[in-house]
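Q:
Numbering (my numbering), first residue to last: 5 to 495.
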């Protein structure tokens, strides 16, 4: 059994070798975090990646405080994170037609305005390419081996031999004591873990683009409008446009301009970070369904000057929440998007993927080599209801962004931004695992169903009682602006 205290710093070498061989499939945030945390916890790590290299392309995502608390154990990674972070960002909010609704405010002032402590922000937007390079630097420093060009087509486990493994498209087999499937919504392990074999299209997609800021020179008027914030005009600004059934975001920082827009599928989208469309495709489709109140001309001007082969039309897939995240013998486990897909509006996909990895590495260290299946099952029980609640909250946030009640926003500006409650950002996944592992494991030994556990402090909304839900019903509630999160305190 290991231990950890809040704010303890335990770098690599603090834990004895566990003897646990871990095979990780996928190099997204979940997979990369699992790799370094498993190394820190004393496990032996090997990674398989289907592509010939790690894709560091992309734009922005939100990283919550609960996802970065473990950085304190990684001095070099933590130092790099501080360098790339946008801690001095500004936020400005418009209706989709261009009417400014909330003037530009520093994030700290926006937090103060909504009753939150500006010294403890719930998280921050980060540039995906910079975060991936940061992680890759740490993976390389630790000498973690990544085998590229290994496309996994099947998962298996051998309970008699206490092993699990994968088969690649080349017929190669890889085995370990535990296999972590961090290969996204389309993971091939879904059949083995008892989930839906195929992910479902959400009917939604995201246009998203990131390009060097000098392209704004093509339109001086737009460049002036999108200028940076602060006294010296050198602080990043996040601007949001909220419309009926849609929203857009533009980030301008010193070297980069990023924009993204949520929309109904058009037929040209793919779930592929390298699939691009041209500006004309966006301009021809972006006003559909908006009637006479069309998109702000400034957004259209930004799309027009976006360089060719830059705009990604990324289709959004999802799965209904599924309590089964493991194979029958609990030696294969899904994490990140393979376990729980999130709406972009949730602001939680990256955060929960990282939390998963931290929790699993800790549970394996606590349980030890002789108790891998119990450690995996305990991790899943620790994580499932929390992630299901975070997923569900994404639909409430989608309602805020796509069906904004502007009269209420005038009174409470917080209603024009995603909900980021304390139970999400104040969580410490590593500490929670060490404090509650034995209690949770005991509920499994006693055969207590996961939704009837009352002996463990919740890491989800206080007072919440788990209720099964499905995506179709929640999406219907979004369209009707009647999202009901259920019991408990979700604030």
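Idealized CB from N, CA, C, for every residue including glycine.
When we look at the beta-carbon of residue 157 and count the other beta-carbons within 10 Å, is it buried (16 or more) or exposed?
A: Within the chain shown, numbered from 1, the residue matching residue 157 stands at position 153. The residue is exposed, with fewer than 16 neighbouring Cβ atoms inside 10 Å.
Q: When DSSP labels each residue in this structure, what does residue 238 get in the three-state scheme?
A: Numbered from its first residue, the chain shown carries residue 238 at position 234. Coil.
Q: Helix, strand or coil for residue 86 per DSSP?
A: Residue numbering aside, residue 86 sits at position 82 when the chain shown is read from its first letter. Note: residue 86 maps to helix in three-state DSSP.
Q: Between 131, 277, 290, which has its C-alpha nearest residue 66's C-alpha?
A: Counting from 1 along the chain shown, the entry for residue 66 is found at position 62. Of the listed residues, the one whose Cα sits closest to residue 66 is 131.
Q: Is residue 406 buried or exposed, if buried means 16 or more other CB atoms sit within 10 Å of its CB?
A: In the chain shown, the residue the question calls residue 406 occupies position 402. When all chains shown are included, residue 406 counts as buried.
Q: Going by other Cβ atoms of all chains shown within 10 Å of its Cβ, with 16 needed for buried, is residue 299 buried or exposed?
A: Within the chain shown, numbered from 1, the residue matching residue 299 stands at position 295. Per the 10 Å Cβ criterion, buried.
Q: Can you tell me which of the three DSSP states residue 388 falls into?
A: Position 384 of the chain shown, counting from 1, holds the residue named residue 388. Three-state result, residue 388: helix.
Q: Using 8 Å for Cβ pairs, my map puts residue 211 next to residue 315. What's the rounded Cβ distance?
A: Against the chain shown, residue 211 aligns to sequence position 207. Against the chain shown, residue 315 aligns to sequence position 311. With a Cβ gap of about 6 Å, residue 211 and residue 315 count as contacting.
Q: Under 9 Å, do residue 22 and residue 369 count as touching if we go by C-beta distance?
A: Stepping through the chain shown from its first residue, residue 22 is reached at position 18. Stepping through the chain shown from its first residue, residue 369 is reached at position 365. Yes, these two residues count as a Cβ contact at 9 Å.
Q: For residue 226, which of helix, strand or coil comes out of DSSP?
A: What you label residue 226 is simply residue 222 of the chain shown in a count that begins at 1. Looking at residue 226 - three-state DSSP - the assignment turns out to be helix.
Q: Which same chain residues, not among the five before or five after residue 269, have their C-beta less than 8 Å away from its C-beta?
A: Position 265 of the chain shown, counted from the first residue, corresponds to residue 269. Within the same chain, residue 269 has close Cβ partners 205, 207, 208, 209, 319.
Q: Does the Cβ of residue 113 have 16 or more other Cβ atoms within 10 Å, making it buried, or fewer, making it exposed?
A: Indexing the chain shown from 1 puts residue 113 at position 109. Label assigned to residue 113: exposed.
Q: For the candidate residues 170, 371, 233, whose alpha-carbon lies nearest to that of residue 159?
A: Locating residue 159 in the chain shown gives position 155, where the first residue counts as 1. The candidate whose alpha carbon is nearest that of residue 159 is 170.
Q: Between residue 254 and the rest of its own chain, which residues show a CB-CB distance below 6 Å, the 5 nearest in sequence each way excluded?
A: Numbered from its first residue, the chain shown carries residue 254 at position 250. 243, 263.
Q: Express the C-alpha separation of residue 150 and residue 51 in angstroms, rounding to a whole number.
A: On the chain shown, residue 51 is found 47 positions in, with the first residue counted as 1. On the chain shown, residue 150 is found 146 positions in, with the first residue counted as 1. Answer to the nearest angstrom: the Cα atoms are 5 Å apart.
Q: Helix, strand or coil: which one does DSSP assign to residue 212?
A: Walking along the chain shown from the start, residue 212 turns up at place 208. Correct three-state label for residue 212: strand.
Q: Is DSSP giving residue 207 helix, strand or coil here?
A: Here residue 207 is taken as the residue at index 203 of the chain shown, counted from 1. Residue state, collapsed to three classes: strand.
Q: For residue 152, count neighbouring C-beta atoms within 10 Å of its own C-beta (all shown protein chains included) and say buried if the count is 16 or more, exposed if not.
A: To locate residue 152, count along the chain shown from 1; it is residue 148. Counting Cβ neighbours within 10 Å, residue 152 comes out exposed, since fewer than 16 surround it.
Q: Only counting the same chain, and skipping five residues up and downstream in sequence, which positions put a Cβ closer than 7 Å to that of residue 445?
A: The count along the chain shown starts at 1 and reaches residue 445 at position 441. Hits under 7 Å: 378, 382.
Q: Is it the case that the region 284-292 contacts the region 433-451, given that we only count it when at least three CB pairs across the two stretches are under 8 Å?
A: No, the region 433-451 is not in contact with the region 284-292.
Q: Give the range of the beta strand (DSSP E) segment to which residue 409 is assigned.
A: Working through the chain shown from its first residue, we reach residue 409 at position 405. Counting along the chain, residue 409 falls outside any beta strand (DSSP E), and DSSP gives it neither H nor E.
Q: List the whole-angstrom C-beta distance separating residue 401 from residue 345, where the pair is believed to meet the contact cut-off of C-beta under 8 Å.
A: For this step, residue 401 is matched to residue 397 along the chain shown. For this step, residue 345 is matched to residue 341 along the chain shown. Contact doesn't hold; Cβ gap of about 15 Å is too wide.
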